[in-house]
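Sequential numbering from 716 applies to the sequence shown in the numbering used here.
Heads up, the beta-carbon is just placed ideally off N, CA and C, and yes, glycines get one too.
What follows is a set of notes on a single structure, which appears directly below.
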Amino acid sequence: VKIYLVDKPGAAQSVIQLGGPGADRLGPDYAAITVMNTILGASFSSRLNTNLRETKGYTYGISSRFAWAPLPGPFSVASQVRTNVTDSSLVEIFRELHAIRDAPVDAVELERAKAYVALAVPGRFETNASIAGQLADLDSYGLPLSSVNDFVSRVNAVTVADVQRVARRYIPADWATLVIVGDLAKVRPAIEALK
Numbered sequence: 716v717k718i719y720l721v722d723k724p725g726a727a728q729s730v731i732q733l734g735g736p737g738a739d740r741l742g743p744d745y746a747a748i749t750v751m752n753t754i755l756g757a758s759f760s761s762r763l764n765t766n767l768r769e770t771k772g773y774t775y776g777i778s779s780r781f782a783w784a785p786l787p788g789p790f791s792v793a794s795q796v797r798t799n800v801t802d803s804s805l806v807e808i809f810r811e812l813h814a815i816r817d818a819p820v821d822a823v824e825l826e827r828a829k830a831y832v833a834l835a836v837p838g839r840f841e842t843n844a845s846i847a848g849q850l851a852d853l854d855s856y857g858l859p860l861s862s863v864n865d866f867v868s869r870v871n872a873v874t875v876a877d878v879q880r881v882a883r884r885y886i887p888a889d890w891a892t893l894v895i896v897g898d899l900a901k902v903r904p905a906i907e908a909l910k
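Here it is in C-alpha cells:
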C-alpha cells in the first residue's frame, strides 16, 4: 500500500481516500462486482458504513465505488473521520476490504444486496431526464436496451462464490494507494505505528 499524508493543521477531521485500478464495465464481472460492492460500501447498510458509522461512530458516512467509464475507471473508498480515530478508521477499512476477499458472504446478505441492485433498476427510468440519461449511458458503451433486462438476470444469478471471486480480483486490499488529509501532528504517529 502506498500512503500519502497531506498536512492540514488544526483539521477537526481527516479525509481518507483509498483507490486502485477498477474494472471494465463491459467485462463479464460487471453484475457480480456491482453486487459485491453493494455489500462492501455502495449502500447505506453496507459493511463499511455499518462498521464505521453505525457501530463505531467514526464518521457520518463512508462509501466504496467503481467508476464506470468506456475505459476501466478506479475503485475507491472515501470518508471523513474524526481526527482522533484516523488510525482506528484505517484499521476498520482494511479489515472490511480483507473480510470481503477472504471469507464467503452470508447468503442473506447476498440476497439483500441482489434485491437492492435489481430493484433500483426501474427507478432509473422514472422521468424523461432519467430515461434519456440511461439511453445515453447505454449508447456510450454500445449496449442495446435489452442489456437492462440482461443485467437484472445476471444480478439475480450472482452466487456467494462469484462475490468472493470478484472481491479477490478487484478489491485492492494490499495494493491500494491511500491518501489522508488531516492534522499530521495528531494523526501521523498513530498511522506510522500501524505499519
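Round the Cβ separation of residue i and residue j to the nearest angstrom and send it over; I've been treating them as touching at under 8 Å.
i, j, result
"Ala747", "Val873", "5 Å"
"Leu825", "Val878", "6 Å"
"Ser761", "Thr753", "7 Å"
"Asp744", "Val875", "That belief does not hold up - the Cβ atoms of Asp744 and Val875 are roughly 15 Å apart, past 8 Å."
Look at the alpha carbon of residue i and the alpha carbon of residue j, and state the distance between them as a whole number of angstroms.
i, j, result
"Ala830", "Arg810", "25 Å"
"Pro859", "Gln849", "11 Å"
"Ser729", "Ala908", "17 Å"
"Arg903", "Ile886", "25 Å"
"Val721", "Ala900", "11 Å"
"Val832", "Ser758", "10 Å"
"Val894", "Ala726", "15 Å"
"Pro789", "Arg740", "11 Å"
"Leu733", "Tyr856", "27 Å"
"Arg869", "Val863", "10 Å"
"Ala888", "Phe840", "35 Å"
"Gly838", "Ile846", "10 Å"
Does the Cβ-Cβ distance between residue i and residue j come in under 8 Å?
i, j, result
"Thr774", "Asp898", "no"
"Lys723", "Thr892", "no"
"Gly742", "Ser779", "no"
"Pro787", "Pro736", "yes"
"Ile906", "Thr770", "no"
"Ala815", "Met751", "Note on identity: in this sequence residue 815 is Ile, with Ala being the wrong assignment. Yes, the pair counts as a contact, with Cβ atoms nearer than the cut-off."
"Ser804", "Ile731", "yes"
"Asn764", "Gly776", "yes"
"Ser794", "Leu767", "yes"
"Phe781", "Ala828", "no"
Residue i: beta carbon under 7 Å from a heavy atom of the ligand ADP?
i, result
"Gly756", "Questions concerning the ligand ADP fall outside what the structure shown contains, since it holds no ligand whatsoever."
Inter-stretch contact (C-beta, 8 Å, three-pair minimum) for the segment 814 to 823 and the segment 850 to 857 | No contact exists between the segment 814 to 823 and the segment 850 to 857.
Kindly provide the ranges of any alpha helix (DSSP H) runs that are 4 or more residues long and lie completely inside the segment 849 to 890, ordered along the chain.
-> For the segment 849 to 890, whole alpha helix (DSSP H) runs of length 4 or above, ordered along the chain, are 861 to 871, 875 to 885.
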